[in-house]
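For reference, the structure is listed below as structure tokens.
Protein chains: 2
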Amino acid sequence: MELQEAKDRFVQAWGTLATQWGINRTMAQIHALLMISPNPLTTEDLMAQLQISRGNVSMNLRDLMDWGLVFKELRPGERKEYFFAEKDAWKVAKQVAKERRRREIEPVIKLLDELRSVPVRAGDADSETFHATIESISRVVNLADGALDAAMKAEESLILGTLIKLLR
Amino acid sequence: MELQEAKDRFVQAWGTLATQWGINRTMAQIHALLMISPNPLTTEDLMAQLQISRGNVSMNLRDLMDWGLVFKELRPGERKEYFFAEKDAWKVAKQVAKERRRREIEPVIKLLDELRSVPVRAGDADSETFHATIESISRVVNLADGALDAAMKAEESLILGTLIKLLR
DNA sequence: TTGTATTTTCAAAAATAATTGAAAATAAAT
DNA sequence: ATTTATTTTCAATTATTTTTGAAAATACAA
């Protein structure tokens, strides 16, 4: 396989994977391109490589910066902006975990806590099943939340070691 | 909060969370309803409670059964089918992990392995950055894959114990 | 200031995904 | 075999999400 073909396949696949996980395809493709580019890229570069509009690039770059995955570089004497991404995939994963936790898991934990506080009507199957299920989900969501938090703070090597122990 | 309001809020929130993770809203809502229902439900029940069409219920139930999250019950002497869901959230999480691993992670690992085998052109920044990034992503994806595999096989209590160790 | 390069915004258009509903299929009962 | 109950399928419709493109905003330079 040629390098160019490999790059294209990677950008393509990353976009597809992203949509399956609720992330905008183009956002993932821009991120992928920046991850494999040795130098920062301009809006024009991204427009040309992905064949998309200026507005699309602008909006998705803003989202990527909000996610803390892409950064802006200003070069003295130049008006246009350059963008680059964190290339260490472990740092990227930690950042994504951090944001998804904050944006999505935290509100769910809050709701589950509210639902847990709804009084159980003993003898009422509906009420009892509801509570048992919410309790069960609550435990698992808190477990996942804790796991993400631990992963976020840990080093890759530490996780790897722990995992090996868990597996044997 | 009334029980009915709590149920509605749960079903609603579960649907919203699902879309954020690339899962069809209605599919998640059907699953949520079945998880909090003490008895199996019919297509009619689901149509009425979620105010959706017969076809929609049928297709999403099939998907849920494909995911191994919902099961069919046939009652002797009755023509219509009853559906119920696994209520243990830890088992549900393991099943989801198993399916996402098989459907989504495995193909990515396969692609990354192919991309890793593209020869590096020493001195070519493009080629070198591409390879470094693919290597980095490969390590993290394999780590995540291993973590899901371990979680899938482990007991909830075991994960909890490991997590506590990891966090202190 | 005024002009110029560049980015951002956002209403409209296009693309994608989900849903409907009725016909076809299935399968049990008569 | 025919009727009846129920489920499935899928083309057409509807809803949602994404993208475009051009005007407005920004911000630097002359």
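Residue numbers (the working numbering), protein chains in the order written: chain H, 1 to 168; chain Y, 1001 to 1168. We treat Cβ as the ideally placed atom computed from N, Cα and C, and that holds for glycine. All values reported here derive from a predicted model rather than from experimental measurement.
Problem - Length of the line joining the Cα atoms of Y/Val1011 and H/Asp124 - result: Position 11 of the second sequence, counted from the first residue, corresponds to residue 1011 of chain Y. Position 124 of the first sequence, counted from the first residue, corresponds to residue 124 of chain H. Computed Cα separation, rounded: 20 angstroms.
Exercise for the section: Could you tell me the distance, in whole angstroms, from the CA atom of Y/Asp1113 to the CA atom of Y/Arg1139? Expected result: Looking up residue 1113 of chain Y in the second sequence gives position 113. Looking up residue 1139 of chain Y in the second sequence gives position 139. Each residue's alpha carbon lies about 11 angstroms from the other.
Handout entry: Buried/exposed call for H/Thr26, threshold 16 Cβ in 10 Å
Key = As a working mapping, residue 26 of chain H is identified with position 26 in the first sequence. So H/Thr26 ends up on the buried side.
Problem - Through-space distance from Y/Ile1030 to Y/Asn1060, alpha-carbon basis - result: For the purposes of this step, residue 1060 of chain Y is identified with residue 60 of the second sequence, where counting begins at 1. For the purposes of this step, residue 1030 of chain Y is identified with residue 30 of the second sequence, where counting begins at 1. Looking at the two C-alpha atoms, the distance is approximately 8 angstroms.
Practice task
Could you check if Y/Leu1167 is buried or exposed, using at least 16 other CB atoms within 10 Å of its CB as the buried criterion?
Solution key: Within the second sequence, the letter at position 167 stands for residue 1167 of chain Y. Classification for Y/Leu1167: exposed.
Practice task
Return the chain-ordered ranges of every alpha helix (DSSP H) run that is complete within the stretch 1100-1156 of chain Y and spans a minimum of 4 residues.
Solution key: 1106-1116, 1125-1153
Problem - Distance CB(Y/Ala1085)-CB(Y/Met1035) smaller than 8 angstroms - result: Against the second sequence, residue 1085 of chain Y aligns to sequence position 85. Against the second sequence, residue 1035 of chain Y aligns to sequence position 35. A contact, by the Cβ cut-off of 8 angstroms.
Handout entry: Interface partners of H/Met35 on chain Y, CB under 7 angstroms
Key = Position 35 of the first sequence holds residue 35 of chain H. Neighbours of H/Met35 on chain Y, chain order: Thr1133.
Practice task
Compare the C-alpha of Y/Val1057 against each of Y/Glu1078, Y/Gly1077, Y/Tyr1082 and name the closest.
Solution key: Indexing the second sequence from 1 puts residue 1057 of chain Y at position 57. Closest by alpha carbon: Y/Tyr1082.
Practice task
Would you check if the distance between the CB atom of H/Arg101 and the CB atom of H/Asp145 is smaller than 8 angstroms?
Solution key: Translated into positions along the first sequence, residue 101 of chain H becomes position 101. Translated into positions along the first sequence, residue 145 of chain H becomes position 145. Yes, they are a contact pair.
Practice task
Identify whether H/Leu166 lies in helix, strand or coil by the three-state DSSP scheme.
Solution key: Counting from 1 along the first sequence, the entry for residue 166 of chain H is found at position 166. Note: H/Leu166 maps to helix in three-state DSSP.
Problem - Spatial neighbours of H/Ile159 in its chain, beta-carbon cut-off 7 angstroms, leaving aside the 5 residues before and after - result: Position 159 of the first sequence, counted from the first residue, corresponds to residue 159 of chain H. Answer for H/Ile159: Ala151, listed in chain order.
Exercise for the section: Taking H/Lys72 as part of the beta strand (DSSP E), name the residues at either end of that continuous run. Expected result: Taking the first residue of the first sequence as 1, we reach residue 72 of chain H at position 72. That run of the beta strand (DSSP E) goes 70-74.
Handout entry: Exposure label - Y/Ser1127; buried when at least 16 CB within 10 Å
Key = Within the second sequence, the letter at position 127 stands for residue 1127 of chain Y. Classification of Y/Ser1127: buried, given that the 10 Å Cβ count is 16 or more.
Exercise for the section: Return the residue from the list Y/Lys1080, Y/Gln1095, Y/Leu1050, Y/Thr1043 that minimises the CA-CA distance to Y/Gly1068. Expected result: Within the second sequence, residue 1068 of chain Y is the residue found at index 68, counting from 1. Checked all of Y/Lys1080, Y/Gln1095, Y/Leu1050, Y/Thr1043; the closest Cα to Y/Gly1068 is Y/Gln1095.
Handout entry: Within chain H, the residues that Y/Ile1159 reaches when beta carbons sit closer than 7 angstroms
Key = Here the question's residue 1159 of chain Y lines up with position 159 in the second sequence. Those are Leu143, listed as they occur along chain H.
Practice task
Return helix, strand or coil for H/Glu44, following the three-state DSSP convention.
Solution key: Stepping through the first sequence from its first residue, residue 44 of chain H is reached at position 44. In the structure shown, H/Glu44 sits in a helix (DSSP, three-state: H, G or I).
Practice task
Run down chain H in chain order and give the residues with a C-beta less than 7 angstroms from the C-beta of Y/Pro1040.
Solution key: As a working note, residue 1040 of chain Y is residue 40 in the second sequence. Simply none; closest approach about 12 angstroms.
Exercise for the section: Confirm, please, whether the CB-CB distance from Y/Phe1130 to H/Lys7 is below 8 angstroms. Expected result: One-based indexing of the first sequence puts residue 7 of chain H at position 7. One-based indexing of the second sequence puts residue 1130 of chain Y at position 130. Against a cut-off of 8 angstroms, the Cβ pair of Y/Phe1130 and H/Lys7 comes out as a contact.
Exercise for the section: Mind reading off the beta-carbon distance from Y/Leu1033 to Y/Gln1049? Whole number of angstroms is fine, and I expect it under 8 angstroms. Expected result: Looking up residue 1033 of chain Y in the second sequence gives position 33. Looking up residue 1049 of chain Y in the second sequence gives position 49. About 6 angstroms separates the two Cβ atoms, so the contact holds.
Practice task
Establish whether the CB of Y/Thr1129 and some CB of chain H are separated by less than 8 angstroms.
Solution key: The residue given as residue 1129 of chain Y occupies position 129 in the second sequence. So, interface residue.
Exercise for the section: For Y/Glu1081, name the three-state secondary structure that DSSP assigns. Expected result: Mapped onto the second sequence, residue 1081 of chain Y falls at position 81. In the structure shown, Y/Glu1081 sits in a strand (DSSP, three-state: E or B).
Handout entry: Contacts of H/Asp88 in chain Y (Cβ-Cβ under 8 angstroms)
Key = Indexing the first sequence from 1 puts residue 88 of chain H at position 88. The answer, in chain order, is Ser1136.
Problem - Per-residue burial, H/Val120 [other beta carbons within 10 Å of its own, 16 or more giving buried] - result: Residue mapping note: residue 120 of chain H aligns to position 120 of the first sequence, counting from 1. Exposed.
Handout entry: chain Y within 8 angstroms of H/Arg102, Cβ atoms only
Key = As a first step, residue 102 of chain H must be located in the first sequence, where it is residue number 102. Not an interface residue.
Practice task
Taking C-beta pairs closer than 7 angstroms, name the residues in chain H that Y/Thr1175 reaches, listed in chain order.
Solution key: Residue numbering for chain Y in the displayed model covers 1001 to 1168; residue 1175 of chain Y lies beyond these limits and cannot be assessed.
Problem - CB contact check: Y/Val1011 to chain H, cutoff 8 angstroms - result: As a first step, residue 1011 of chain Y is located in the second sequence; it is residue number 11 there, counting from the start. False, the Cβ-Cβ gap to chain H never drops below 8 angstroms.
Practice task
Give the residues from the stretch 1049-1065 of chain Y that approach chain H closer than 9 angstroms (Cβ to any Cβ), ordered along the chain.
Solution key: none
Exercise for the section: Measure the Cβ-Cβ separation of H/Trp21 and Y/Trp1014 and say whether it is below 8 angstroms. Expected result: Here residue 21 of chain H is taken as the residue at index 21 of the first sequence, counted from 1. Here residue 1014 of chain Y is taken as the residue at index 14 of the second sequence, counted from 1. Not in contact: H/Trp21 and Y/Trp1014 (Cβ atoms no closer than 8 angstroms).
Handout entry: Listed by chain order, chain H residues near Y/Val1096 by CB distance under 8 angstroms
Key = Here residue 1096 of chain Y is taken as the residue at index 96 of the second sequence, counted from 1. Result: empty, since nearest Cβ-Cβ is about 10 angstroms, beyond 8 angstroms.
Problem - CA nearest to the CA of Y/Gln1004, picked from H/Ser157, H/Ile137, H/Leu148, H/Leu115 - result: Within the second sequence, residue 1004 of chain Y is the residue found at index 4, counting from 1. With distances taken between Cα atoms, Y/Gln1004 lies closest to H/Leu115.
Practice task
Compare the C-beta of Y/Lys1007 against all C-beta atoms of chain H and say whether one is closer than 8 angstroms.
Solution key: Start at 1 with the first residue of the second sequence, and residue 1007 of chain Y comes out as number 7. With 8 angstroms as the cut-off, Y/Lys1007 counts as an interface residue toward chain H.
Practice task
At 9 angstroms on the CB atoms, spell out the chain Y contacts of H/Glu156, in chain order.
Solution key: Indexing the first sequence from 1 puts residue 156 of chain H at position 156. Within chain Y, the residues near H/Glu156 are Arg1139, Val1140, Leu1143.
Handout entry: Cβ of Y/Thr1026 within 8 angstroms of any chain H Cβ
Key = Locating residue 1026 of chain Y in the second sequence gives position 26, where the first residue counts as 1. False, the Cβ-Cβ gap to chain H never drops below 8 angstroms.
Exercise for the section: Excluding the 5 residues preceding and the 5 following H/Leu148 in the sequence, name in chain order all residues of the same chain whose CB lies nearer than 6 angstroms to its CB. Expected result: Counted from its first residue, the first sequence places residue 148 of chain H at position 148. The answer, listed in chain order, is Ala97, Arg101.
Exercise for the section: Tell me whether Y/Leu1074 is buried or exposed, calling it buried when 16 or more other Cβ atoms sit within 10 Å of its Cβ. Expected result: Indexing the second sequence from 1 puts residue 1074 of chain Y at position 74. So Y/Leu1074 counts as exposed.
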